Amino acid sequence: MLNEKMEKALNEQINRELYSSYLYLSMGAYSSSIGLSGFTHWFKVQVKEETIHGMKIFDYINRQGGRVRLKEIKEPPVEFGTPIEMFRKTLQHEQFITRSINDLVDLARSEKDETTASFLQWYVEEQVEEEENDKEIIDKLKIAGENKEALSALDAELAKRLPPKDEEESI
Ligand code: OFO
1 MLNEKMEKAL NEQINRELYS SYLYLSMGAY SSSIGLSGFT HWFKVQVKEE TIHGMKIFDY
61 INRQGGRVRL KEIKEPPVEF GTPIEMFRKT LQHEQFITRS INDLVDLARS EKDETTASFL
121 QWYVEEQVEE EENDKEIIDK LKIAGENKEA LSALDAELAK RLPPKDEEES I
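Heads up: the sequence shown begins at 1 in this note's numbering, then just goes up one per residue.
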């Protein structure tokens, strides 16, 4: 079972995950507006990933007999600058999410809630992957520099991103 403090903190994390989804949807729209349809595809896959992250917590709260309380999702920015600036913002956001997951783990441990601490381990590992993906793209964008052909090749590569593996099981 979840205590009140833990339930509130998990509900806040659902909101952060759904905001991530909304933020990446906005980045996908921006990418389309600057002619990078492969980037749009990459962000659309990321939108699904973030929805899954939110839904896993939704399911966990329900299974633990807690109460999901959805809050307003704040409006994301509309403009993101150059592709590398946009991915730097993506990485910064993921680093913020990593800190919030670590805070949740600390809270679960201080509340002696081993079940939730163990549930959160999936997120701890997932955040390594999330940050790694962004860093890899930033590195590729650094190499591409001002070279339009290299940017176009990266756009084609991002267009091939596969949908999340656990899409069906989580929603
Ligand atoms: Fe849910 O990991 Fe990104 O935000």
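Note that beta-carbon positions come from the ideal geometry of N, C-alpha and C, so glycine has one too.
Here the structure is a predicted model, which is why all the values come from computation and not from measurement.
Does residue i pass the burial test, meaning 16 or more other C-beta atoms within 10 Å, or should it be called exposed?
| i | result |
| --- | --- |
| Trp42 | buried |
| Pro83 | buried |
| Lys71 | exposed |
| Ala117 | buried |
Beta carbon shell of the ligand OFO at less than 6 angstroms from a heavy atom: Glu17, Ser20, Glu50, His53, Glu94, Ile97, Glu130
Report the residue ranges of all alpha helix (DSSP H) runs contained in full by the stretch 79-157; include only those spanning at least 4 residues, in chain order. 83-110, 114-144
I'd like to know if the stretch 63-76 and the stretch 97-109 are in contact, where contact means that at least 3 CB-CB pairs between them fall below 8 angstroms. no
Three or more C-beta pairs below 8 angstroms linking the stretch 75-91 and the stretch 135-152: yes
Cβ contact (3+ pairs, closer than 8 angstroms) linking the stretch 6-21 and the stretch 53-62: yes
Does the stretch 120-128 come within contact of the stretch 142-151, defined as at least 3 CB pairs closer than 8 angstroms? no
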